[in-house]
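In my numbering, the protein residues as written are 334 to 1097.
These notes are about the structure you will find just below.
Right, here's the structure in full:
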């Protein structure tokens, strides 16, 4: 979520009033804003997407709730020591959190372990351990519409009789100390992005948020006028018409068997009725196609922790497979491929399959990704129910990612096309009229220059490095992962360095290359990549032959509040994943909206950005998905590229020989070995096209006017990438609710009784 203060002031229309009031108290608002800690309760794109979605849902007047876990420790703080990443605990609640309100009156029990007892009356889950879920509510204000939604985060609490109720003669002190075991559930965020780690505590976290949330939803449903009806049998008939639940990846997939357990075991609905209601309630968003990221929980772990849920999953699977077998008799291989249970080695539950079977809609997050989901990853399921599969291209909130972080540009745009675009970003197309307006071109360039100077000052203060604000700011910020190919950027840096040294007199367009992002603590290769970038920076930044032509900076502790500083100052946005690996990306959209040009592959939302702006207004290079597939078929041989490209060979040799690590020449052996022998993401295959494309970037940067005109064309084409547009599509195609841009009356004005009755009562 990042910081809340400035976002709240903007959405309430109070920023100027607050700035003035604080100034009169002799304080500086910006200084005050810098004191607030980021709420870093997610890992990367997926968590930030949810935050943008909350802002858009409130702005569109949807009755929507965001549910999650109130981690005591969020994503780790990253320190760079001697070029290595070191993790520190993110004690973000140290000074309290003024935005949250604990709601002990809504505390709910969550059960673990135990056993299942079957009788004529049905199944009973007994002898369980109980953990209490305490909700904390954070307000989510819509933009200037007097709407405030709620984000409800659950914190784990031990019941007061924890470890004391059992025949526990003994140790009272130990029993109280053991309360920590229960409360550890909400202690810390698992820091993996795009990687599945099958730990028991993680599964506990997933079930904890799901069980508490579903009880909360059902309590609210029963309390509403829709829940009450004469016959007990049909109480839940309207449930899917009143409740829509969106599963953000498979992490909350246990919600499907949990809702079935509530309907069948507790509410005593027949299975078929319960299953119909469940499917109509859930929809699933897939966020990645990387196999190592897909959740596959060991059956024995689920059996121990959630025995009744395993039985329900088996029953769902049995009925699912019976259905497949009736359509495709004797096709045992299809049954194996489509089963929720993977046999072979340890039996595992494929959570994505569970989500597909248990949902009425499945979507990817960009056109190209949704196609890959349909034709490759889940092709058997798409063949069975093609109408279930959709696309919903991601978006970003223009409130935080333009108004808040780039007020200079936001104001400049408002002067030309009015202020309405903040609510309807498609209006940015009006800027096309000004693409040849010399004054506007100069003003856009001036805002960018001011942002660069401000960021350069920040870097000087924080990193003690002097950088040239007129150099091209070439920025690559995102989680560190092999598929995102920070290594390819690194090879380009080394290539530029070698060209400067080879011919110091030759014209070189000065660059400041900024790379930032966190590596999962257990991801060895990602940590080596960070060390390599810092080692290269050490050499480049201290070579007198290079001077101010090339500077390399690794941005420590990349997070939302730092993104808000670096993105408005960026000239060139690096979006260089191997085609077919980045589901969408959202950083790419933030840079586009803030006046950076994109160098990128035809991957994720880059494809649609090129479609909107015209491919000639992005620097697109490298293999397309088809080329990658073809290369896989042929077999990728890294050595071929190394032998054919002298500059690549030189760069690789320098890393290998210890040019960048003279005290430990073999330091980067693992990286080199990976590049040659098991590079799934084919860095060498795109290197040549990337370097050539970068030459075109430098050439255009020399012509400031032509560059800025291309920037304006990009901003004018960024309208599609508002999360408001994304949420309208979810609302209409999946949740079946109508967004409203009606401004409700402020709380101090009496409300007309007639206005109380909204045509749709559905909550997402």
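Glycine included, each C-beta is placed from N, C-alpha and C at the ideal position.
According to the DSSP assignment, residue 465 belongs to the beta strand (DSSP E) that extends over 462-474. Taking 4 residues as the shortest admissible run, the stretch 899-934 contains the following complete alpha helix (DSSP H) segments, listed from N- to C-terminal end: 920-926. Remark: C-beta atoms of residue 351 and residue 1056 do not approach each other more closely than 8 Å.
If you compare the alpha carbons of 936, 964, 963 and 967 with that of residue 953, the shortest gap goes to 936. Excluding residues up to 5 positions away in sequence, 732, 736 and 737 lie with their Cβ nearer than 7 Å to the Cβ of residue 343 in the same chain. Pairing residue 721 with residue 693 gives a Cβ-Cβ distance under 8 Å.
Bounds of the alpha helix (DSSP H) holding residue 1034 are 1016-1035. In the DSSP annotation of this structure, residue 406 is not part of any alpha helix (DSSP H), being labelled neither H nor E.
By the 16-neighbour rule on beta-carbons within 10 angstroms, residue 754 is buried. Distance from the CA atom of residue 604 to the CA atom of residue 597, rounded to whole angstroms, is 6 Å. Fully enclosed beta strand (DSSP E) runs of no fewer than 3 residues occupy 694-697 and 722-724 of the stretch 684-765, in order along the chain. Taking the Cβ atoms as the reference, residue 530 lies roughly 6 Å from residue 523, within the contact range of under 8 Å. In the three-state reduction of the DSSP assignment, residue 1055 falls in the strand class. The three-state reading of DSSP puts residue 771 in helix, counting H, G and I together.
When Cβ pairs closer than 8 Å are counted between the two stretches, the stretch 883-891 is seen not to touch the stretch 909-921, the count staying below three. The beta carbons of residue 620 and residue 916 sit closer together than 8 Å. For residue 526, the closest C-alpha among the options 772, 465, 811 and 420 is that of 811. Under DSSP, the beta-bridge partners assigned to residue 807 are 846 and 905.
Cα atoms of residue 371 and residue 405: separation of roughly 13 Å, rounded to the nearest angstrom. In terms of CA proximity to residue 629, 677 leads the group 677, 595 and 664. Counting C-beta atoms within 10 angstroms of its own C-beta, residue 506 has fewer than 16 neighbours from the protein chains shown and is therefore classed as exposed. Looking only at 1081, 1064 and 1080, the smallest Cα-Cα distance to residue 394 is reached by 1064.
Counted as a single uninterrupted DSSP element, the beta strand (DSSP E) harbouring residue 442 occupies residues 441-445.
Per DSSP, residue 455 is one residue of the beta strand (DSSP E) stretching across 455-459.
By the C-beta density criterion, residue 349 is exposed, having fewer than 16 other C-beta atoms within 10 angstroms. The shortest CA-to-CA distance from residue 1026 to any of 648, 1017, 1058 and 951 is the one to 951. If you look at residue 578, you'll find it in the beta strand (DSSP E) that goes 578-581. Judged by beta-carbon spacing, residue 543 lies within the 8 Å limit of residue 587, meaning their Cβ atoms are closer than that value. By the criterion of at least three beta-carbon pairs nearer than 8 Å, the stretch 405-414 is not in contact with the stretch 926-933. In terms of Cβ geometry, residue 820 and residue 1024 do not form a close pair [threshold 8 Å]. Secondary structure of residue 958 (DSSP, three-state): helix. The Cβ atoms of residue 493 and residue 397 lie no closer than 8 Å to each other. Beta-carbon to beta-carbon, residue 656 and residue 591 are separated by about 22 Å, too far to satisfy the 8 Å threshold. Linking residue 503 to residue 515 through their CA atoms gives a straight-line distance of about 19 Å.
By the Cβ rule, the stretch 571-579 counts as touching the stretch 545-559, because three or more pairs are nearer than 8 Å.
Runs of the alpha helix (DSSP H) lying entirely within the stretch 636-660 and spanning at least 4 residues, in chain order: 640-660.
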